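Sequence order for the protein chains is A and B. Residues 5 to 359, numbered by our numbering, are exactly what the first sequence covers, in order. Residues 5 to 359, numbered by our numbering, are exactly what the second sequence covers, in order. Cβ coordinates follow ideal geometry from the N, Cα and C atoms, glycine included. Quantities reported herein were computed from a predicted structural model and do not represent experimental measurements. In what follows, a structure is listed as structure tokens, so that the remarks can point back to it.
Number of protein chains: 2
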Amino acid sequence: MSIAISPEVAERLRGFEAPERLGFGSVMAPVMFRAVYQDGCWSGGELIPYGPLQIDPAAKVLHYAQTCFEGMKAYRRVDGSIGLFRPEKNARRMAYSARRLCMPEIPEGMFLEAVRCVTAYCAYLIPAASGESLYLRPLLIGTQPDLSVSASNIYEFYVIASPSEAYHSGNMRVWIERDDTRAALGGTGDAKVGGNYAASLQSVAQLKARGYDQSLWLSPSDRKQIEELSGMNFFAVIDGQLHTPKLSGSILEGVTRDSLIELAGTLGYRVHEREMDIDDLLALIGSGTCSEAFACGTAAIISPISVIGDAGHSVSLPQVPGPVSTALRSALLDIQEGRAEDPFGWMQQVEPASP
Amino acid sequence: MSIAISPEVAERLRGFEAPERLGFGSVMAPVMFRAVYQDGCWSGGELIPYGPLQIDPAAKVLHYAQTCFEGMKAYRRVDGSIGLFRPEKNARRMAYSARRLCMPEIPEGMFLEAVRCVTAYCAYLIPAASGESLYLRPLLIGTQPDLSVSASNIYEFYVIASPSEAYHSGNMRVWIERDDTRAALGGTGDAKVGGNYAASLQSVAQLKARGYDQSLWLSPSDRKQIEELSGMNFFAVIDGQLHTPKLSGSILEGVTRDSLIELAGTLGYRVHEREMDIDDLLALIGSGTCSEAFACGTAAIISPISVIGDAGHSVSLPQVPGPVSTALRSALLDIQEGRAEDPFGWMQQVEPASP
Ligand SMILES: Cc1ncc(COP(=O)(O)O)c(C=O)c1O
Ligand SMILES: Cc1ncc(COP(=O)(O)O)c(C=O)c1O
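What follows is the structure in structure tokens.
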């Protein structure tokens with residue numbers, strides 16, 4: 005594939021001024037990638053100015069949520085070069101998500117070229133402080149205008165980008181959600197699709213009113229096992245070893261989770277992927293056996309959990325951030341930001357393009 | 005509220021030519037209603053030409069499926085007048101769906117006025133044969149451009165319309181879905197939100213390949229109890245009495261279901277809302293005790309089920325359509341199309357508007 009660069013791209017990039025406070029995912033880069041799927045094949049992609057999409061009011065995505073997306077980051081490394089973190093993992097997860105909603109897969113080559121292209125042209129926008137990045141958001145939507153409940157026959161694929169600060173700076177207060185669930189067994193929880201996030205909003209609104217930051221989701225069948233947070237996977241440090249919920253079919257397989265499991269081994273920590281009963285964990289925190297808990301994801305990297313709240317009572321973690329979370333966070337960021345060797349071959353360098 | 009009528013509406017309506025074959029939900033009326041929610045309140049609505057929406061690529065609806073909708077019909081009655089069927093039920097269900105996804109409710113007055121306005125201006129498009137109608141689709145979407153997983157602070161409300169033929173003409177072959185689920189307990193199954201429909205697409209694609217038309221969804225916790233179809237509620241006739249799954253928290257409370265329960269009483273049928281074990285039902289069909297099964301919804305009215313398919317074997321219903329389904333269908337359509345008295349006060353007349 006060769007990506008067509010719209011003649012307006014140069015001017016848009018030159019004219020862009022980033023505001024002083026970036027936040028996370030709220031300032032959008034001035035260009036985006038776009039490709040269209042119709043009559044069974046993908047059109048050649050193009051880099052175009054960022055701007056509103058023209059979407060028919062009967063488009064499937066608006067009614068039936070036929071949408072999936074990815075979240076990944078490009079980092080400015082200490083030597084000034086630009087690196088993407090394991091983009092092929094996102095490409096494959098997006099293909100999985102697309103299949104779950106009967107959408108055409110984005111060929112891995114097109115996905116990677118699109119992400120590299122947006123990164124290359126937006127390279128000069130990537131902030132340099134540790135934890136900052138260009139957040140990339142590939143998005144696939146079904147746009148056929150037709151009200152029948154069936155898969156679209158037209159799709160649009162975008163990669164938009166947002167120069168961003170770190171996502172969660174502070175420690176997180178997490179609330180155990182014992183009523184709502186974000187995804188069903190046999191549902192879409194292991195795919196990165198819109199409906200899971202819509203379903204999570206009510207819980208978050210309620211817990212915010214109680215002074216908490218994030219919901220801790222439990223297994224949908226019996227609400228006993230820990231699953232994950234709305235946009236992050238969950239880890240606990242028990243007796244100095246790492247424990248994380250095993251992939252249950254209703255949680256998302258995070259790239260960060262996977263990377264931490266590999267990294268932990270090299271740092272000398274044992275990792276257990278298993279069913280984690282929430283009440284057992286609360287008891288282990290109470291007795292001091294569980295010393296740390298944290299959430300991890302592309303956006304948040306590693307965010308230490310300070311409090312786990314429950315209807316009757318809440319428990320506090322003794323170490324926030326604890327030594328294991330801190331060591332893992334540094335080791336991962338050191339690879340991503342180029343301060344350390346990359347023994348796993350996780351980073352892919354992108355040459356900046358000048359329009 | 006007073007609805008502003010765009011100056012282009014008259015011309016669009018005059019210029020519109022319906023194709024010979026309408027289908028269901030695929031030909032869109034040339035005008036639509038639109039209102040915007042911002043800074044905590046709704047703008048005055050307007051009737052405007054049907055056409056593409058301008059949606060920011062970072063809009064919440066595209067990523068997090070913050071969308072809910074309704075489906076309802078306006079009928080051309082035998083005396084030539086136009087009638088809406090229980091529109092206040094749809095208004096209330098949409099308010100419920102909106103709350104579930106942390107969206108602002110559409111005030112009932114605005115909802116009803118919007119639906120009446122679109123119906124009035126599109127009155128001349130409503131086909132007259134029995135079973136045909138103007139299908140109305142209210143739609144609420146969160147459009148704030150921001151990638152954080154949180155509720156939008158901007159919403160757009162549309163009512164689009166589609167002159168339509170009857171939805172399912174034939175008898176339906178239904179497949180028992182024992183793996184996938186469309187909605188979780190504690191999820192969004194009792195709200196009319198996009199994610200439920202996205203989750204259902206994979207199952208339907210698989211059963212179509214096996215020669216079936218619709219999935220029969222089971223209870224998400226144990227997949228033993230019948231829930232509903234992807235866009236219809238389920239009824240069975242057992243020993244001459246009607247049985248339908250009770251509202252479990254994960255099925256949609258259909259307006260048609262509710263109306264049939266009332267109507268059945270006046271026709272002398274007992275109705276049981278209860279847990280319906282799928283394997284029990286298969287046995288009752290096998291023994292001939294269950295003589296009919298059908299699905300019901302605004303689009304489909306009543307569609308008889310001819311076959312219920314399962315991994316090992318499939319069972320056929322003896323009477324397709326059976327006498328109870330046929331009697332209920334006629335009684336409902338007679339009220340909707342003005343051939344019978346309306347003892348429940350379900351119909352609301354709409355005066356056609358000429359632009
Ligand atoms: C539901 C959910 N779980 C976990 C994650 C973490 O995944 P990753 O590490 O790939 O960002 C995310 C976000 O990306 C998510 O949305
Ligand atoms: C999931 C689901 N169940 C049931 C129904 C039937 O509801 P109603 O009779 O209000 O159309 C619908 C469609 O409207 C639906 O989408």
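- For residue 151(B), the nearest beta carbon of chain A is closer than 7 Å to its own beta carbon.
- Contacts with chain A at 7 Å (Cβ-Cβ) include residue 201(B).
- The DSSP assignment places complete beta strand (DSSP E) segments of no fewer than 3 residues inside the segment 139-227 of chain B at 159-168, 176-180, 218-220, in order along the chain.
- With a threshold of 7 Å between beta carbons, residue 185(A) makes contact with chain B.
- Contact with chain B is absent for residue 20(A), since none of that chain's Cβ atoms lies less than 7 Å from the residue's Cβ.
- A contact between stretches requires three or more CB pairs, one per stretch, nearer than 8 Å, and the segment 83-98 of chain B fails this requirement with the segment 46-56 of chain B.
- Proximity of residue 95(A) to chain B, defined by a Cβ-Cβ separation below 7 Å, is not satisfied.
- Contact annotation, residue 100(B) with residue 29(B): C-beta distance approximately 23 Å; criterion of less than 8 Å not satisfied.
- Residue 347(A) counts as exposed, since fewer than 16 other beta carbons sit within 10 angstroms of its beta carbon.
- Closer than 7 Å to the CB of residue 338(A) there is not a single CB belonging to chain B.
- The beta carbon of residue 26(A) sits closer than 6 Å to those of 167, 168, 169, all from its chain and outside the five residues before and after it, given in chain order.
- In the three-state reduction of the DSSP assignment, residue 71(A) falls in the strand class.
- Classified as exposed, residue 214(B) has fewer than 16 neighbouring CB atoms from the shown chains inside 10 Å of its CB.
- Residue 178(A) sits close to residue 218(A), with the two beta carbons spaced by under 7 Å.
- In this structure, residue 206(B) keeps its C-beta atom at 7 Å or more from the C-beta atom of residue 72(A).
- Interface with chain B (7 Å Cβ-Cβ cutoff): residue 76(A) is excluded.
- Residue 148(A) has a beta carbon lying at 7 Å or more from every beta carbon in chain B.
- With respect to the 7 Å criterion, residue 354(A) and residue 185(A) are not classified as neighbours on the basis of their beta carbons.
- The DSSP assignment places 237-242, 245-249, 275-278 as complete runs of the beta strand (DSSP E) inside the segment 222-285 of chain A, in order along the chain (cut-off: 3 residues).
- The DSSP assignment places 327-340 as complete runs of the alpha helix (DSSP H) inside the segment 286-355 of chain A, in order along the chain (cut-off: 4 residues).
- Three or more Cβ pairs drawn from the segment 317-332 of chain B and the segment 233-253 of chain B lie within less than 8 Å of each other, which places the two stretches in contact.
- Short of 6 Å from the beta carbon of residue 9(A), and not among the five residues preceding or following it, lie these beta carbons of its own chain, in chain order: 51.
- For ligand 2, a non-hydrogen atom lies closer than 6 Å to the CB of residue 236(B).
- Sequence-distant partners of residue 297(A) (beyond 5 residues in either direction) whose C-beta falls short of 6 Å from its own C-beta, in its chain, are 240, 309, 321.
- Here the distance from the Cβ of residue 189(B) to the nearest heavy atom of ligand 2 is not below 6 Å.
- Only residues of its own chain outside the window of five on either side were considered, and among them 31, 129, 167 have a CB closer than 7 Å to the CB of residue 22(B), listed in chain order.
- Within chain B, the residues whose beta carbon sits less than 8 Å from that of residue 162(A) are 61, listed in sequence order.
- Here residue 200(B) is actually not in contact with residue 299(B); their C-beta atoms are around 16 Å apart, not less than 8 Å.
- Here the distance from the Cβ of residue 256(B) to the nearest heavy atom of ligand 2 is below 6 Å.
- Remark: fewer than three beta-carbon pairs, one from each stretch, lie closer than 8 Å, so the segment 11-22 of chain A and the segment 152-164 of chain A are not flagged as touching.
- At least one beta carbon of chain B lies nearer than 7 Å to the beta carbon of residue 234(A).
- Exclusion of the five residues before and after residue 108(A) leaves 41, 102, 159 as the residues of its chain whose Cβ lies within less than 7 Å of its Cβ.
- Boundaries of the alpha helix (DSSP H) around residue 17(B): 13-19.
- Going by DSSP, residue 76(A) is part of the beta strand (DSSP E) stretching over 76-80.
- With a cutoff of 7 Å on beta-carbon distance, residue 232(A) and residue 255(A) are scored as near each other.
- Counting C-beta pairs closer than 8 Å gives three or more between the segment 58-76 of chain A and the segment 53-67 of chain B, which meets the contact rule.
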